[in-house]
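The structure appears below as structure tokens.
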Amino acid sequence: MRLNSDSAGHWSLVLSQWKLLDSIVPFILYHCGVWMRQWKKKDGSSWLIIFLLVASEAAAQIMGKGSAHYCIQLLPGAAIAAVFGFPRLVSYWKTGRPALKASLLTAAVITVIALLFAYVRPTAQSRFLAQYTFRDYAKDAIDVPAIARAVAARSAPGDCVYEWGRSSEIYFLARRQPCSRWFYDCPYESRKSMISEVVADLRKRKPGVIIVTSETPAPPKLAELIGEDYSFVGQVNYAKLYERH
């Protein structure tokens, strides 16, 4: 998969995801400060906690993606820092230093606001959309079960199908195997030759249904195969369904 090399695009993704990141990052930053203090006091284990916190944040950002599920790496570091750092936070709170109290209260308030932003919504779908900052692919994910039901209805158990796009959960929900190892169109961006293998797989295994979910047109070789052997049978949400003659 090609990494995003556009730094401006990368940071726009990071900033757009801040409504979700801010529920974790303030505590990570705060606990970094706590553990730095312990490190300076020759606490030998503190550097491990600091490294885990930094590595967790780097892992979430290095791919150039700001989606919520890319930030799951932040949770272990935040949890470990919180559990082992809590007694020290209590002792720092008792010192009465205004700056320490203000930073902890700020982190807590931001966390509560971020959680309420998503979780006070009345339905699972609305909460899911809020978690993914109302992006188009969040709506697409909600539409996938209907697409999968249509695919299952037009194929039999044991049949393989093929989806050109990035809604690979269709295979799982429809309980159908992909007809090619290249079941996700993202590699095509960096390896155009993969479409030859895809077409060869489809000609050999003859999927009963091909689903096109990508907004960009199918590559010429795939479009030619669809035109020769398949008929358009309808569209479910954003997915176009083609059935073998």
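Under this note's numbering, the residues of the sequence shown are numbered 132 to 376, in order.
Note that CB positions come from ideal geometry on N, CA and C, so glycine has one too.
Quick check on DSSP: helix, strand or coil for residue i?
i       : result
Gln-204 : coil
Tyr-302 : helix
Phe-248 : helix
Pro-276 : helix
Phe-98  : This structure does not reach residue 98, given that the chain is present from 132 up to 376, and the question cannot be answered.
Tyr-361 : strand
Pro-377 : With the chain covering 132 to 376 only, the question about residue 377 has no answer from this structure.
Pro-218 : helix
Pro-309 : strand
Tyr-263 : coil
Ser-234 : helix
Ser-324 : coil
Ala-287 : coil
Glu-346 : coil
Which residue or residues does DSSP assign as beta-bridge partners of residue i?
i       : result
Ile-341 : Tyr-293 and Tyr-373
Pro-351 : Paired residue(s): none; Pro-351 is not in a bridge.
Gln-366 : Lys-371
Applying the criterion that 16 or more other CB atoms from any shown protein chain within 10 Å of the CB defines a buried residue, is residue i buried or exposed?
i       : result
Asp-290 : buried
Gly-208 : buried
Pro-229 : exposed
Val-282 : buried
Leu-184 : buried
Go through its chain and collect everything with a Cβ distance to residue i's Cβ below 8 Å, but skip five positions before and after it.
i       : result
Ser-327 : Lys-352
Ser-345 : Trp-295, Gly-296, Arg-297 and Asp-316
Phe-259 : Ala-269, Ala-272 and Ile-273
His-80  : Since the displayed the chain opens at 132 and closes at 376, residue 80 lies outside it and no answer follows.
Ala-190 : Gln-204
By Cβ distance, which residues of its chain are closer than 7 Å to residue i, with the 5 residues on each side in sequence left out?
i       : result
Asp-274 : Asn-368 and Tyr-369
Leu-333 : Tyr-293, Cys-310, Ser-311 and Leu-356
Measure the beta-carbon distance from residue i to residue j and round it to whole angstroms, keeping in mind my assumption that it falls under 8 Å.
i       : j       : result
Tyr-361 : Ile-341 : 6 Å
Ala-261 : Ala-249 : 4 Å
Can you list, in chain order, the residues of its chain whose CB lies under 6 Å from that of residue i, leaving out five sequence neighbours each side?
i       : result
Tyr-373 : Ile-341, Ile-357, Tyr-361 and Phe-363
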